[in-house]
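2 protein chains.
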Amino acid sequence: MEALPAGAARIADVATLAGVGEATVSRVLNGHANVRPATREKVLEAIRALNYRPSSVARNLSLRRTMVVAVVLPWFTNPSAVERVRGIVGAIASSPYDLMVFDVESEDRQRRAFELLDRGDRADGLLIVSMLPPDPELKRLRAANVPCVLVDAQHASLPSVVVDDVAGGEMATRHLIELGHTRIGFIGDTPPEFRFDWSRDRTRGYERALERGGIELRHEYVREGTRSLHVARSIASELLRLPDAPTAIFAASDTQALGVLEAARSLGIRVPEELSVVGFDDVEVAGYVGLTTVRQPLFESGRRGGELLLRALAGRPLDAHSELLPLELVVRGTTGRPVRQQSSVKASSSSPA
Amino acid sequence: MEALPAGAARIADVATLAGVGEATVSRVLNGHANVRPATREKVLEAIRALNYRPSSVARNLSLRRTMVVAVVLPWFTNPSAVERVRGIVGAIASSPYDLMVFDVESEDRQRRAFELLDRGDRADGLLIVSMLPPDPELKRLRAANVPCVLVDAQHASLPSVVVDDVAGGEMATRHLIELGHTRIGFIGDTPPEFRFDWSRDRTRGYERALERGGIELRHEYVREGTRSLHVARSIASELLRLPDAPTAIFAASDTQALGVLEAARSLGIRVPEELSVVGFDDVEVAGYVGLTTVRQPLFESGRRGGELLLRALAGRPLDAHSELLPLELVVRGTTGRPVRQQSSVKASSSSPA
DNA sequence: CACTTTGTTGGAACCGGTTTCAGTCCGGAT
DNA sequence: ATCCGGACTGAAACCGGTTCCAACAAAGTG
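Protein sequence lines correspond, in order, to chains A and U.
Our numbering puts the first residue of the first sequence at 13, with every later residue one more than the last.
Our numbering puts the first residue of the second sequence at 13, with every later residue one more than the last.
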């Protein structure tokens, strides 16, 4: 008579069929002790018969726990962000937690995301990537006792996984200086309000390297634009058309460095003979195009962040310690010694292939 | 005296403070009609005063709706899968739904994911990428009335977004044949049980192209391996060391094609002079290394799948129609005419090693 | 003025679990 | 035989919303 189940079985159905109380079914489900083996068997039998599975929503409500970890990040379109997410996925995969992704491309969406999250009823923990939540949100998160870990961002009151962007910027720039460059351009990132300002730190590293190298900072060499390939390309074009154009450019991200390479190509400027280019990140393509860059462990940053969060969720206390991941200069084919040029006399025909 | 809230405000608190019933608060929250303006204002005032925000879990339980869309996919590590996810994120971002990601690298995790999902209490809809859920799960999903859309997979009872893999395989192979190649190798994918078997279709396309081109199929040219760069590389090495080695290789994915390129490089075989290579997908790196490949709209497939699912969630019926996305051969630098080699004199008539 | 309507409202019953708490049943000790 | 503690068990009170339904007031109708 009841061909179609008309909805999944509830715990009450199991209890009825097994001839026990709901509490007992719950105890069996959660492996609590003190259930007589015979009773347990009856319950399991009923569960099997009804193909019963508890509703996780109801469970969440009752336990005040969701078994979900949320990742909040701006620009999921960014390849380096994706790499971090992959690390996070890797870390979370072997845990009982599931993953929710919030791509907050605008401040509006950011607010919405945190409104959902800061009560702690949508996710048990947060991984915040490459951005900083506004302070009121942080307060609420703390009040709701939702552990957070920052990845590629830093805050006095939160644990984080970062790299030393100042050192990285300096590393890249020093490499160019050591090769003999003195006219070194920089293409940075204009951070939206809500994003973490790592670009600024790389700029500082750039400035510091120049200073230590005894090279005067030229403001017309320092430009900012959104972190996109084609914006970087047009900025690079301007830079390269300067009367006294730089012989090297340090771009604050690989994506932007690729834009610089395109600009050079379309202007007929040869790399690295006439222009050296350094990027930052070491995304996959960097290896394929032979881009010299500062490698930061993107995947690892996500994995590590995930681990820290899991640890916090497991109840182990988590201090606001900031974990520093190593940077490494990867020298490939886009950097070389500058040619002595006044009016681009002769391109050295005996350049290293 | 109550400095710390000791937990977020509940609807009851709002009701009390506003001096109305809970039902009325709920009406105000959900914009129901028939609430006197004065009452509404009192409630809003109380909400503001308490900084109240409804618990989404409680809401979910009551409404039997989660406002979550889940993406289930094997191998989040795969760049083409990531590209699809980005398309999905793009489509979902502009909707009221949030996104959950289930990376099911093993059958075990797959089962777990569907156990969570098939009751429909964790997500309102599913996007299943590059895999096929087992039939019992599909039944449960249908019973629970959870709409599903397949991306890069096909099933008689479900709507899907796909490409014509047979045509794609044929397209790639025909390109090689038209260039004059007759000894064409194929490196395919060994699909785990639970994954959708597109590799098989590409193999069929390969076979069909050979047939139509009047070229005899040589089984020693057809190999399978997991979809990874280094496995493909070692397979390619074997292929290239064959006494009568192929002059061209069609790899069922760009990742594998990159492995082939590496194998060629380490064997000192020049591409495309001595070996032509065609991939499949057109991931970002393909453009940078100049790989000839069959482009499939990865991002678009995710976006389109997301759209279809949103439509279904909006109540519009959704038939099991399969949406076909276009393929396009992108000729770059890894394919060319074969050179006449002397060591092998008319291969097909003599004995195959 | 009595008698529907119609517009607002709050009590209470859900949604489907977990957990407290009080009770039952039992063997062992006095 | 009586008492006591511990092992099991189920009714009921949560978790925090939504919504049915009955109640009641104000307004419209005869």
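C-beta atoms are modelled at their ideal positions from N, C-alpha and C, and glycine is treated no differently.
From the options, residue whose alpha carbon lies closest to that of residue i
i      : options                           : result
A:G280 : A:L252, A:A82, A:L153 and A:P171  : A:L252
A:A24  : A:T51, A:V113, A:L62 and A:R216   : A:L62
A:F198 : A:E149, A:A263, A:L170 and A:A184 : A:A263
U:R230 : U:D256, U:R154 and U:R60          : U:D256
A:V342 : A:G327, A:E335, A:D293 and A:V94  : A:D293
U:H187 : U:A27, U:E312 and U:E340          : U:E340
A:L370 : A:P66, A:L139, A:E228 and A:L73   : Given that chain A is displayed from residue 13 to residue 365, the structure contains no residue 370 of chain A and the question cannot be resolved.
A:R121 : U:A105, U:R123 and U:T215         : U:A105
A:D136 : A:E335, A:T346 and A:G327         : A:G327
A:L320 : A:V174, A:V283 and A:G225         : A:V174
A:G318 : A:D201, A:L73, A:L144 and A:V163  : A:V163
U:E250 : U:D147, U:V81 and U:E274          : U:E274
A:Y64  : A:F126, A:L41 and A:V80           : A:L41
A:E119 : A:P145, A:A103 and A:G99          : A:P145
With 16 other Cβ atoms within 10 Å as the buried cut-off, status of residue i
i      : result
U:S265 : buried
A:G237 : buried
U:V351 : exposed
A:A332 : exposed
A:P108 : exposed
A:L287 : buried
U:R134 : buried
A:R152 : buried
U:S172 : buried
A:S356 : For A:S356, the pLDDT reaches just 43, beneath the cut-off of 50, and the residue's location in the model is therefore unreliable, although a value from the coordinates is still provided. Exposed, because fewer than 16 other Cβ atoms sit within 10 Å of the Cβ of A:S356.
A:G226 : exposed
A:G200 : buried
U:A45  : exposed
A:S68  : buried
Contact set for residue i: own chain, Cβ-Cβ below 8 Å, skip 5 residues either direction
i      : result
U:V97  : V83, L85, F88, V113, V141 and G314
U:R344 : A298, G299, G302, L303, T304 and T305
U:L16  : With a pLDDT of 42 at U:L16, under the threshold of 50, the modelled position of that residue is not reliable, and the figure given next carries that caveat. Cβ within range, chain order: n/a, list empty.
U:V32  : T51, K54 and V55
A:E149 : F126 and D130
U:V94  : F88
Proximal residues of chain A, C-beta to C-beta of residue i below 9 Å
i      : result
U:T89  : R98, V101 and G102
U:E250 : Here the premise fails: no neighbours, minimum Cβ distance about 24 Å.
U:M112 : V80, D110, L111, M112 and V113
Own chain, CB closer than 7 Å to residue i, minus 5 neighbours either side, in chain order
i      : result
A:D213 : D177, V178 and G181
A:H242 : G271
U:A156 : D130, R131 and G132
A:R39  : V47
U:V101 : L111
A:D209 : P203
Under 8 Å from the C-beta of residue i: neighbouring residues of chain U
i      : result
A:Y109 : Correct list: empty, because the minimum Cβ distance to chain U is about 11 Å.
A:V5   : Beyond the ends of chain A as shown, which are 13 and 365, falls residue 5 of chain A; an answer cannot be given.
A:A156 : A20
Interface partners of residue i on chain U, CB under 9 Å
i      : result
A:Y300 : L270, V297, Y300 and V301
Three-state secondary structure assigned by DSSP to residue i
i      : result
A:D266 : helix
A:D25  : helix
U:L85  : strand
U:D115 : strand
U:E312 : helix
U:R6   : Only positions 13 to 365 of chain U appear in the structure, and residue 6 of chain U is not among them; the question remains open.
A:I104 : helix
A:G43  : coil
A:L229 : coil
U:P17  : Its pLDDT being 49, under 50, U:P17 is placed unreliably in this model, and the coordinates cannot settle the point.
A:S355 : Confidence is the limiting factor: at A:S355 the pLDDT is only 43, short of 50, which leaves the residue's position unreliable, though a coordinate-based value still follows. The answer is coil: DSSP assigns A:S355 none of H, G, I, E or B.
A:H242 : helix
A:A30  : helix
Chain-order list of residues whose beta-carbon lies under 6 Å from that of residue i (same chain, five-residue window excluded)
i      : result
A:T259 : H193, R195 and P350
A:A184 : F262, V290 and V306
U:L29  : A58
A:P309 : L337
U:A324 : P159 and L330
Under 7 Å by beta carbon: chain U residues contacting residue i
i      : result
A:D133 : S67, S68 and V69
A:N72  : V69
Beta-carbon neighbours of residue i, restricted to chain A and to distances below 8 Å
i      : result
U:A105 : D115, E117 and R121
U:L128 : S68 and D110
7 Å Cβ cut-off: residues of chain A touching residue i
i      : result
U:A275 : In chain order: nothing, as chain A lies at least about 16 Å away.
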